[in-house]
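Participant: For the sequence shown, the positions run 1 to 830 when full-length UniProt numbering is used. Cβ atoms here follow ideal geometry from the backbone N, Cα and C, with glycine treated the same way. Here the structure is a predicted model, which is why all the values come from computation and not from measurement. I'd like to ask some things about the structure below.
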Amino acid sequence: MDSTINFGIDLGTTNSAIAKFVKGEVIVFTNPQDYGRSTLPSVVSYKKDKITVGSKAKEFLEKDPKSVVGVFKRKMGTTESFKIKAINESRTPVELSAQVLKELKTFVNTGESIESVVLTIPASFDLIQSNATKEAGYQAGFKQVVLLQEPIAASLAYANMKKSSEMSDGQWLVYDLGGGTFDVALIKIKDGEMKVVDHEGDNFLGGADFDTMLVEKFLIPKLNEKYTFNNLEDDLKSASGKHNAKYYILLRRAEEAKILLSAKSAAEVVIDGFEDDQGNEVDLEITITRSEFNEMIRASVDGTIEMIKEILTRHSLRSIDLQYILMVGGSTYIPYVRQRVEEILQVPANCEIDPTTAVAVGAAYYAATKQREVSKEDKPKKQSAISIKASYNKASKEKDELFAARITGNTDELFYKIVRQDGGFDSGLKKLSTRINEDLPLVDNSYNFFTLTVYDSQNNVIETDMEAIGINSGFGISGQPLPEDICIEVDDYDNPGLTRLLLVFQRNTVLPTKRTLPFPLNKTILKGSDDEVIRINVLQGSHMSLPEANKSLGYITIIGKQLKRDVSKGSDIEITVTLSESQDLTVSAYLNMADQEFKETFNPKERHTPIDLLKEQVIDLSEKLDEEIDQASESEDYETAGTLNKLKLELDNVSDATESLTIDDVTDKRYQLEDKKRKIAQEIDSATKHKRIKKVKDHYFETKDECEKLLDESGNDHERKTFNDIVGQEQAFFATNSPIKIQEKSDELSSIVHKINWRTPEFLTGIFNWLRNDQPKMNNQVQSKSLIDAGKFAIESQNWDRLKEINFGLIDLLPKDSKQQLSTKIGFGI
Ligand code: ADP
Ligand code: MG
């Protein structure tokens with residue numbers, strides 16, 4: 001049995017597919033229920049006693065729409081579930097996806113049971129959605145699930161089809177317009193490593209929307225024109241409407257017409273089999289031309305092109321820097337989509353791969369490079385007279401790869417031969433001995449397969465336990481890039497009582513990754529107390545945005561009661577965040593003073609968006625926006641005020657829509673609104689960024705002046721060097737235009753200031769005098785008195801190191817309420 005995973009699955013919003021890598025080639029399994037097709041509609045239907053997946057389930061929509069579910073991938077990672085009438089129960093997106101995966105297993109006609117698999121996810125899937133996808137895999141019975149991003153999969157499919165030097169260093173876009181979603185990703189190859197550099201997308205745009213448009217803009221108006229209906233649209237679209245079942249028929253007809261229009265310049269839709277409100281039999285033939293259809297979808301297609309432009313701008317790329325735009329997803333069969341993309345961007349639309357199976361094919365290629373981790377104990381090894389233990393690199397960019405093997409068994413009078421499968425290499429018949437070494441020549445950018453055969457002296461094949469030798473000299477994948485920033489919430493010292501985000505990992509960082517950040521605690525926590533806490537909140541989403549605009553991945557709360565010792569303000573908390581390749585998040589916090597570690601692993605599978613919380617967040621954001629508009633107007637910054645007023649209109653729409661949601665709304669709406677709200681929050685941030693930049697720059701210059709003064713008076717060489725290094729990078733970090741980056745540098749300067757201060761006699765004496773005033777309030781009178789005496793002596797004898805220690809000792813003796821507790825939510829920050 002092969003030691004690599006080999007199976008790849010595209011778990012699509014509308015269609016799914018399964019493929020397998022077999023000796024250098026990928027086969028896509030065909031759908032046994034649907035002759036000639038290799039995809040499975042991602043639709044699940046329920047009857048009392050049976051579950052159906054695929055085309056049959058889709059047809060069932062017309063009979064009992066309330067017992068059929070599709071497009072559930074959009075809700076992956078949410079707590080939402082779908083109510084199913086036939087069984088009177090609900091199913092989660094994870095459970096429904098597991099049904100699709102199980103159905104795909106029946107495509108595999110090789111009799112194997114699959115334990116390890118590569119599943120694809122959109123590049124936009126966050127940690128929660130990725131974990132939910134893995135969970136669906138486990139529920140479907142797979143023991144090992146490896147995730148791969150769809151645009152990488154599509155690119156791998158293309159790269160392996162090309163197998164040529166054309167795939168040298170370069171960059172291109174993957175344009176994936178499927179049934180329910182649009183994704184575009186910028187892919188780069190450098191030194192043989194392929195990676196998603198950036199991505200954009202719309203989770204609510206795809207072929208299904210075109211079908212809906214056809215129904216709403218062509219079919220319904222034509223029906224209303226010819227027949228008499230009071231409220232046809234509602235009667236079709238509402239679940240309780242009298243023509244609801246007909247709605248699904250119209251959608252299907254619309255899809256058929258749309259697909260026909262990809263090949264022909266006009267298509268006909270026949271609608272019959274029901275009566276209008278006056279009892280007239282409906283019998284209508286509607287012709288739609290390709291140009292009418294093109295006109296209808298133009299705005300949507302242009303929207304996708306806008307997203308491409310955003311990516312290009314972000315990376316300072318021009319369209320001529322792109323080699324091509326790789327078209328995938330069923331909706332890229334639409335000629336207008338290809339044409340419009342080429343026309344506007346002036347980059348060739350590359351339609352060389354099959355847009356509906358490319359992702360599954362690429363997943364299988366990737367699977368061939370991934371080691372199986374599932375135990376193979378249940379499959380006993382073949383017993384052979386000759387046993388071969390081979391060792392070689394399974395992936396190599398060399399021209400030749402050394403193959404070495406140790407042979408056990410009687411090798412007398414035996415021979416061997418190694419042949420490359422494409423016939424390009426033959427070692428010739430050689431004498432078998434207990435050790436063999438062979439240089440195997442590799443074909444570049446390809447999977448190289450060799451077979452080692454053992455013969456006796458009459459050239460009869462002798463059975464061995466040797467598997468095929470497979471060496472991938474194709475592209476490596478440099479891990480999975482992080483889809484969004486990962487940040488941590490910290491106290492905002494500039495705005496007491498508020499918090500801000502601190503970047504831990506930047507979007508597009510390649511996983512796995514790990515980082516430790518030390519922070520000073522800004523409050524003292526006494527052991528045993530139950531009201532003082534430190535809260536470590538790890539979030540995903542842009543670190544430039546407001547903490548509340550991001551999604552929390554999990555948090556650790558440390559309460560005084562859990563502590564073995566008191567921890568005081570100023571002591572260190574070290575926070576380590578680790579993300580594994582399969583997106584498990586581990587957060588640990590080490591408290592220096594208590595010598596205690598708190599650690600937890602999160603693999604959040606659900607995003608919980610209760611409607612009341614969403615409403616609250618929209619109100620908060622609205623208030624913040626009003627404030628920003630006022631500030632911009634006051635400072636006569638009319639440009640910003642204008643931008644913000646536009647955002648205000650958008651937010652008002654979101655707010656109205658949110659307010660009209662019922663608490664138990666079951667549609668996608670809340671996630672759509674939450675996405676919109678988050679995007680608006682990010683735009684508010686970027687519109688007001690210059691203001692924040694000015695503020696942090698002012699702060700930077702103040703700190704720089706103070707630092708310079710102190711350095712002149714009492715700095716050491718090391719501090720002066722650090723200072724000069726920071727100042728030397730000034731142009732560079734100002735140019736990033738990132739308030740966070742500039743703030744980081746201010747913080748570094750502050751820490752020099754802090755170090756110098758804590759050894760200057762004036763500062764130390766000032767602190768000491770201040771503490772002396774508070775002595776009567778201190779916890780331990782005897783100890784504090786003797787420390788004060790020692791302090792006086794230290795000043796007399798000018799022992800400043802000692803005075804520093806004494807100050808720390810005295811701070812510790814301060815009663816809780818008089819310790820200058822910053823108004824704090826989190827408990828630490830920098
Ligand atoms: P997903 O990735 O969302 O699972 P696919 O990539 O399989 O979906 O795309 C499915 C969509 O492609 C459907 O909306 C389908 O109507 C559309 N589609 C398939 N073939 C064609 C065609 N020849 N012309 C236009 N649209 C097509
Ligand atoms: Mg797809």
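(1) Excluding the 5 residues preceding and the 5 following P512 in the sequence, name in chain order all residues of the same chain whose CB lies nearer than 8 angstroms to its CB.
(2) Starting from T499 and walking both ways along the alpha helix (DSSP H), at which residues does that stretch end?
(3) Going by C-alpha to C-alpha distance, which of L177, I9 and G170 sits closest to D191?
(4) Given this structure, state the Cα-to-Cα distance separating T4 from V118, to the nearest angstrom.
(5) Are the CB atoms of S568 and I811 nearer to each other than 8 angstroms?
(6) Please go through the same chain and pick out, in chain order, the residues whose beta-carbon is closer than 7 angstroms to the beta-carbon of P28, but skip the five residues on each side of it.
(7) So, using beta-carbon positions, are Q562 and N550 closer together than 8 angstroms?
(8) Bridge partners of S90, per DSSP?
(9) Bridge partners for F199 per DSSP, in chain order?
(10) By how many angstroms is the C-alpha of H199 removed from the C-alpha of L317?
(11) Considering just the uninterrupted stretch of the alpha helix (DSSP H) at V654, what are its terminal residues?
(12) Quick check: what's the CA-CA separation for K246 versus V94?
(13) With a floor of 3 residues, list each beta strand (DSSP E) that falls wholly inside the region 431-470, ordered by position along the chain.
(14) So what's Q171 in DSSP terms, helix, strand or just coil?
(15) Please list the terminal residues of the continuous alpha helix (DSSP H) segment that includes F808.
(16) From the DSSP output, which residues share a beta bridge with C487?
(17) Near F293, which residues of its chain fall below 6 angstroms by C-beta distance, leaving aside the five closest residues on each side in sequence?
(18) For the alpha helix (DSSP H) that F7 lies in, which residues bound it at each end?
(19) If I469 sits next to L452, beta carbons under 8 angstroms apart, how far is it from one beta carbon to the other, in whole angstroms?
(20) Reducing DSSP to helix, strand and coil, say where G141 ends up.
(21) Kindly indicate which three-state DSSP category A349 falls into: helix, strand or coil?
(22) Report yes if the C-beta of I334 is less than 7 angstroms from at least one heavy atom of the ligand ADP; otherwise report no.
(23) Quick test of your reading: T133 and M76, contact by CB under 8 angstroms. State the CB separation rounded to the nearest angstrom.
(24) Do you know whose CA, among R515, I663, T557 and S655, lies nearest K676's CA?
(25) Closest to S113 by C-alpha separation, out of F142, E489 and K417, would be which residue?
(26) What residue from D685, H754 and P483 has the CA that sits closest to residue 839's CA?
(27) Cβ-heavy atom distance between T356 and the ligand ADP below 7 angstroms?
(28) Drop a sphere of 10 angstroms on the beta-carbon of A363, count the other beta-carbons inside from all chains shown, and report buried for 16 or more, exposed for fewer.
(29) Give a single yes or no on whether V361 has its beta carbon closer than 7 angstroms to a heavy atom of the ligand MG.
(30) If you run the structure through DSSP and keep just helix, strand and coil, what is I334?
(31) In or out: V160 buried (at least 16 other Cβ within 10 Å) or exposed?
(32) Name the DSSP beta bridge partners of Y248, please?
(33) Work out the CA separation of S319 and I305 for me, nearest whole Å.
(34) So the candidates are D531, P32, N780 and Y35; which of them puts its Cα closest to the Cα of I559?
(35) Contact check, P815 vs N779 under 8 angstroms by CB: the rounded distance?
(36) With burial defined as no fewer than 16 other Cβ atoms inside 10 Å of the residue's Cβ, what is the status of H543: buried or exposed?
Facilitator: By the coordinates alone:
(1) Walking along the sequence shown from the start, residue 512 turns up at place 512. The answer, listed in chain order, is G479, T578, L579, S580 and E581.
(2) The residue labelled residue 499 in the question sits at position 499 within the sequence shown. T499 -> not in any alpha helix (DSSP H); beta strand (DSSP E) instead, spanning T499 to F505.
(3) Translated into positions along the sequence shown, residue 191 becomes position 191. Cα-wise, what sits closest to D191 is G170.
(4) For the purposes of this step, residue 4 is taken as residue 4 along the sequence shown, with counting starting at 1. For the purposes of this step, residue 118 is taken as residue 118 along the sequence shown, with counting starting at 1. So the alpha carbons of these two residues sit roughly 11 angstroms apart.
(5) The sequence position of residue 568 within the sequence shown is 568, counting from 1. The sequence position of residue 811 within the sequence shown is 811, counting from 1. Yes, these two residues count as a Cβ contact at 8 angstroms.
(6) Taking the sequence shown and counting its residues from 1, one reaches residue 28 at position 28. What sits at residue 28 in the sequence shown is Val, not Pro. Hits under 7 angstroms: A17, A19, S38, T357, A360 and V361.
(7) On the sequence shown, residue 562 is found 562 positions in, with the first residue counted as 1. On the sequence shown, residue 550 is found 550 positions in, with the first residue counted as 1. No, the pair does not count as a contact, with Cβ atoms beyond the cut-off.
(8) Along the sequence shown, one-based indexing puts residue 90 at 90. For S90, which the question treats as bridged, DSSP gives the partners K83.
(9) On the sequence shown, residue 199 is found 199 positions in, with the first residue counted as 1. The identity of residue 199 in the sequence shown is His, whereas the question assumes Phe. Its beta-bridge partners are A185.
(10) Position 317 of the sequence shown, counted from the start, is the residue given in the question as residue 317. Position 199 of the sequence shown, counted from the start, is the residue given in the question as residue 199. Each residue's Cα considered, the two are about 14 angstroms apart.
(11) Taking the first residue of the sequence shown as 1, we reach residue 654 at position 654. Per DSSP, V654 belongs to the alpha helix (DSSP H) from Y638 to E659.
(12) For this step, residue 246 is matched to residue 246 along the sequence shown. For this step, residue 94 is matched to residue 94 along the sequence shown. Going from the Cα of K246 to the Cα of V94 covers about 29 angstroms.
(13) 435-441 and 447-455
(14) Locating residue 171 in the sequence shown gives position 171, counting from the first residue. Q171: strand per DSSP, three-state reduction.
(15) For the purposes of this step, residue 808 is taken as the residue at position 808 of the sequence shown. Per DSSP, F808 belongs to the alpha helix (DSSP H) from W800 to L813.
(16) Within the sequence shown, the letter at position 487 stands for residue 487. For C487, which the question treats as bridged, DSSP gives the partners L503 and L539.
(17) One-based indexing of the sequence shown puts residue 293 at position 293. Excluding positions up to five away in sequence, the list reads L261.
(18) Looking up residue 7 in the sequence shown gives position 7. Careful: F7 lies outside any alpha helix (DSSP H), inside the beta strand (DSSP E) at F7 to D10.
(19) Taking the first residue of the sequence shown as 1, we reach residue 469 at position 469. Taking the first residue of the sequence shown as 1, we reach residue 452 at position 452. Yes, they are in contact, since the Cβ atoms of I469 and L452 sit about 6 angstroms apart, within 8 angstroms.
(20) Numbered from 1 along the sequence shown, position 141 holds the residue referred to as residue 141. Reduced to three states, the DSSP call for G141 is coil.
(21) One-based indexing of the sequence shown puts residue 349 at position 349. Of the three classes helix, strand and coil, the one that applies to A349 here is strand, per DSSP.
(22) By 1-based counting over the sequence shown, the position of residue 334 is 334. I334: yes, Cβ under 7 angstroms from the ligand ADP.
(23) As a position in the sequence shown, residue 133 is number 133, starting the count at 1. As a position in the sequence shown, residue 76 is number 76, starting the count at 1. Rounded, the Cβ-Cβ distance is 6 angstroms, consistent with contact.
(24) Numbered from 1 along the sequence shown, position 676 holds the residue referred to as residue 676. The shortest Cα separation from K676 among R515, I663, T557 and S655 belongs to S655.
(25) Position 113 of the sequence shown, counted from the first residue, corresponds to residue 113. Selected option, being the one with the closest Cα: F142.
(26) Residue 839 cannot be examined here, being either before or after the span of the chain that is shown, 1 to 830.
(27) As a first step, residue 356 is located in the sequence shown; it is residue number 356 there, counting from the start. Checking every heavy atom of the ligand ADP against the Cβ of T356, one is found closer than 7 angstroms.
(28) Your numbering for residue 363 matches position 363 in the sequence shown. Buried, by the Cβ-count rule.
(29) In the sequence shown, counting from the first residue as 1, residue 361 sits at position 361. Incorrect: V361 has no Cβ contact closer than 7 angstroms to the ligand MG.
(30) What you label residue 334 is simply residue 334 of the sequence shown in a count that begins at 1. Three-state result, I334: coil.
(31) Mapped onto the sequence shown, residue 160 falls at position 160. Just to set this straight, residue 160 is Asn in the shown sequence, not Val. Buried, because 16 or more other Cβ atoms sit within 10 Å of the Cβ of N160.
(32) Here residue 248 corresponds to residue number 248 of the sequence shown, with the count starting at 1. Beta-bridge pairing links Y248 to no other residue.
(33) As a working mapping, residue 305 is identified with position 305 in the sequence shown. As a working mapping, residue 319 is identified with position 319 in the sequence shown. C-alpha separation (whole angstroms): 11 angstroms.
(34) Translated into positions along the sequence shown, residue 559 becomes position 559. Minimum Cα distance to I559 is reached at D531.
(35) Working through the sequence shown from its first residue, we reach residue 815 at position 815. Working through the sequence shown from its first residue, we reach residue 779 at position 779. Contact holds; Cβ gap of about 6 angstroms.
(36) For this step, residue 543 is matched to residue 543 along the sequence shown. It counts as buried.
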